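Colleague:
Residue numbers (the working numbering), protein chains in the order written: chain A, 12 to 392; chain B, 368 to 617.
#1: List, in chain order, every chain A residue whose beta-carbon is nearer than 7 Å to that of residue 475(B).
#2: Restricting to Cα atoms, I'd like to know which of 511(B), 417(B), 462(B) and 582(B) is closest to residue 528(B).
#3: What residues in the region 138-167 of chain A have a beta carbon less than 7 Å from any beta carbon of chain B?
#4: The beta strand (DSSP E) spanning residue 600(B) covers which residue range?
#5: May I ask you to list, following chain order, the residues of the region 306-323 of chain A that have a beta carbon less than 7 Å from some beta carbon of chain B?
#6: Could you pull the start and end residues of the alpha helix (DSSP H) that residue 415(B) belongs to?
#7: Since residue 512(B) contacts residue 469(B) with CB under 8 Å, what's their CB separation in whole angstroms?
#8: Could you name the residues of chain A that residue 535(B) contacts, counting a contact when the two beta carbons are closer than 8 Å?
#9: Taking 7 Å as the threshold (C-beta atoms), are residue 573(B) and residue 543(B) in contact?
#10: Between residue 63(A) and residue 223(A), what straight-line distance do the alpha-carbon atoms span, to the nearest angstrom?
#11: Is the number of C-beta pairs between the region 78-90 of chain A and the region 268-280 of chain A that are closer than 8 Å three or more?
#12: Quick check on the DSSP output: what are the complete alpha helix (DSSP H) runs of length 4 or more inside the region 34-106 of chain A, in order along the chain?
#13: Considering Cα atoms alone, identify which of 456(B), 401(B) and 424(B) is closest to residue 441(B).
#14: Quick one: measure Cβ to Cβ for residue 20(A) and residue 243(A), integer angstroms, because I've assumed they're closer than 8 Å.
#15: For residue 20(A), decide whether its Cβ has a neighbour in chain B, counting only Cβ atoms nearer than 7 Å.
#16: In terms of residues, what are the limits of the alpha helix (DSSP H) holding residue 496(B)?
#17: Could you check where the beta strand (DSSP E) with residue 406(B) kicks off and where it finishes?
#18: Per DSSP, which one or two residues make a beta bridge with residue 296(A)?
#19: Would you say residue 455(B) and residue 535(B) are within 7 Å of each other, going by their C-beta atoms?
#20: Can you give the beta carbon distance from residue 295(A) to residue 204(A), rounded, assuming they're within the 8 Å contact cut?
#21: Would you tell me roughly how many angstroms separate the C-alpha atoms of residue 356(A) and residue 313(A), rounded to the nearest one?
#22: Secondary structure at residue 158(A), three-state DSSP: helix, strand or coil?
#23: Does the region 349-368 of chain A come within contact of the region 326-339 of chain A, defined as at least 3 CB pairs closer than 8 Å?
#24: Measuring alpha carbon to alpha carbon, tell me which residue in 554(B), 565(B) and 597(B) is nearest residue 576(B).
#25: Closer than 7 Å by beta-carbon distance: list the chain B residues that pair up with residue 255(A), in chain order.
#26: When the distance is taken between beta carbons, is residue 376(B) closer than 7 Å to residue 401(B)?
#27: Hey, how far is the Cα of residue 393(B) from the Cα of residue 159(A)?
#28: Let's see if you can read the secondary structure: which residues bound the beta strand (DSSP E) around residue 320(B)?
#29: Specify the secondary structure class of residue 427(B) as computed by DSSP and reduced to three states.
#30: Could one say the Cβ of residue 489(B) lies closer than 7 Å to chain A's Cβ atoms, at least one of them?
#31: Inspect the beta-carbon positions of residue 121(A) and residue 206(A) and report whether they are closer than 7 Å.
#32: Mapping DSSP to helix, strand and coil, what is residue 550(B)?
#33: Does the beta carbon of residue 235(A) come closer than 7 Å to any beta carbon on chain B?
#34: How is residue 374(A) classed by DSSP in three states: helix, strand or coil?
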């Protein structure tokens, strides 16, 4: 990345600058506040909070991944949770193998659930997951290859708009049903859990949790810069052109399907890594991560934060998930889904540019109406 | 293959296309010479747009030949291929990328590699920058280069789209109703623009507006019910009884 890119698109762009500064402060501040102040001090950030924030950051990466394809290329994926979950499963399988003979059944060669199912040996697709590097490779390869094959078939056949959204939804639903089955060999309903260590470090230890948190911050930082680079390049303008006028782009000589597949795969890779960072911090991965509702929630984060801006997606994911934690633990717990739904409706109608577009909307003095016909406000084209 | 060696830049022979039994194109034959400016007129439903769709690969004909530069069978290629072979298309409704600036729209259309990696690491060379500047001036949008094209007036969008075709530098330009919705002044300016473009490119213009056709001052083809009814200079066609019956007389 050249200096001019950093100066123009990361520093002079206000949203990007604030976000990156915020991430730096978060990455330094949270570990310090966990470590330095006494536990009784109000400044102290408890370890469970560190992991909770780490979880939000993983969701933020996921939102970023979705904004890249939806905000810039008009691909509304309602199944992005699938790539997240696959990355998570790949990491979960490594963590399962790390348990070794410390499981309930004490079998060093087989995870507990396989012993329970009377399996005699490790299935072929579990081979290699005892190596961290292999697991990391799979974190990228599995979502990447799925996205490539799925994207190639869908985009070459020119499936787009609502139809594409529906089949992405079907994709994640099918995966959920498959992973629920015990025969699949991924722990069925219970998924993978009871993890002990990662690379020999105790997952419950504060230091491990801090490192995982910092890695999440770092990856979000890098992913943001990468996405920014893509969207600021001519490639980014081709994506916008596909979003706004797909057939025009074809008549200009661009192979639209190549661009769509490329950006879809990049997005799936980001989602996969987000999932891999998520699992060791929450300590469990199960088929409910494939639930279509989760994927729809990602869309809501992006819409609320502000589609097509990248930093808006990150902000939306952080805010909505903070809200979710806040509201689901109090008297509003039963109403959270209603609140979320209402937020989405209000955003769609009154804030087509999301929270980050608020200021501009106020500046223009006209709420909603002005942007109804703005190109950025179109949903699922 | 030099330009002189090519006998016809576009050759349609016996092309047919039906939609649900309706014959949109019926045994259509057309021959465009290199460097020619050709106007095509015809009443609504005469098959003008379908013809454009067939040439640019959007629609596959049921039968017939569509040959580019004497040799290339266009029916075997898709839109992106055909655009890269050197056929540019301007739509009836001006289609520019609204959320990009005028300059970015032109840059997008600029002739050059269309690969994913090349666009990711694309840098505008000085030579190409100069080319964009000159086209920007040619289509009269130099003052609005940083404007989002969404904010342009209808006529300016039409010109921007023509500018995009120019930087795309195709050998053959297909222009669909460029004067639609334009003021009289804009219409005449557009005709001038197309005439100057036709000095370096072959141009096919589909149009309704008679003043515009007159200003183009070139050979006209009249389409009717999917095939060629008459061909020649406008003054002669205006005396042709068949043409008057189907089109001009109304």
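Here a beta-carbon is modelled for each residue, glycine too, at the ideal position from N, C-alpha and C. Computed from a prediction, not measured in an experiment: that's the story for all the values here.
Modeller: The structure says:
#1: Those are 248, 249, 252 and 263, listed as they occur along chain A.
#2: Of 511(B), 417(B), 462(B) and 582(B), the residue nearest in Cα terms is 462(B).
#3: If the cut-off is 7 Å between Cβ atoms, the region 138-167 of chain A has nothing near chain B.
#4: Run containing residue 600(B): 594-600, per the beta strand (DSSP E) assignment.
#5: If you check each beta-carbon in the region 306-323 of chain A against every beta-carbon of chain B, none falls closer than 7 Å.
#6: For residue 415(B), the enclosing alpha helix (DSSP H) begins and ends at 415-422.
#7: Approximately 5 Å separates the beta-carbon atoms of residue 512(B) and residue 469(B); this is inside 8 Å, confirming the contact.
#8: Those are 263 and 264, listed as they occur along chain A.
#9: Yes, the pair counts as a contact, with Cβ atoms nearer than the cut-off.
#10: One C-alpha to the other measures close to 11 Å.
#11: A contact is defined here as three or more CB-CB pairs under 8 Å, and the region 78-90 of chain A meets this definition with respect to the region 268-280 of chain A.
#12: Within the region 34-106 of chain A, the complete alpha helix (DSSP H) segments of 4 residues or longer fall at 58-84, listed in chain order.
#13: That would be 424(B), whose Cα lies nearest to the Cα of residue 441(B).
#14: Contact flag correct, Cβ pair sits at about 4 Å.
#15: The beta-carbon of residue 20(A) is placed no less than 7 Å from the nearest beta-carbon of chain B.
#16: For residue 496(B), the enclosing alpha helix (DSSP H) covers residues 493-505.
#17: 404-408 is the span of the beta strand (DSSP E), which, as asked, contains residue 406(B).
#18: Residue 296(A) is bridged to 203(A).
#19: Taking 7 Å as the cut-off, the beta carbon of residue 455(B) is found closer than this to the beta carbon of residue 535(B).
#20: In this structure residue 295(A) touches residue 204(A) by the C-beta definition: roughly 4 Å separates them, less than 8 Å.
#21: Their Cα atoms are separated by approximately 13 Å.
#22: Note: residue 158(A) maps to helix in three-state DSSP.
#23: Enough Cβ pairs lie closer than 8 Å, so yes.
#24: Of all alpha-carbon atoms in 554(B), 565(B) and 597(B), the one lying nearest the alpha-carbon of residue 576(B) is that of 554(B).
#25: Near residue 255(A) (Cβ distances below 7 Å), the residues of chain B are 464, 465 and 466.
#26: In this structure, residue 401(B) places its C-beta atom within 7 Å of the C-beta atom of residue 376(B).
#27: One Cα belongs to residue 393(B), the other to residue 159(A), and the distance between them is close to 42 Å.
#28: Within the shown structure, residues of chain B are numbered from 368 to 617, placing residue 320(B) beyond reach of any answer.
#29: DSSP places residue 427(B) in coil when its eight states are reduced to three.
#30: Using a Cβ-Cβ cut-off of 7 Å, residue 489(B) counts as an interface residue toward chain A, since at least one Cβ of chain A sits closer than that to its own.
#31: With respect to residue 206(A), residue 121(A) sits apart: the two C-beta atoms are not nearer than 7 Å.
#32: Correct three-state label for residue 550(B): coil.
#33: Chain B places no beta carbon closer than 7 Å to that of residue 235(A), leaving this residue out of the contacts.
#34: Of the three classes helix, strand and coil, the one that applies to residue 374(A) here is helix, per DSSP.
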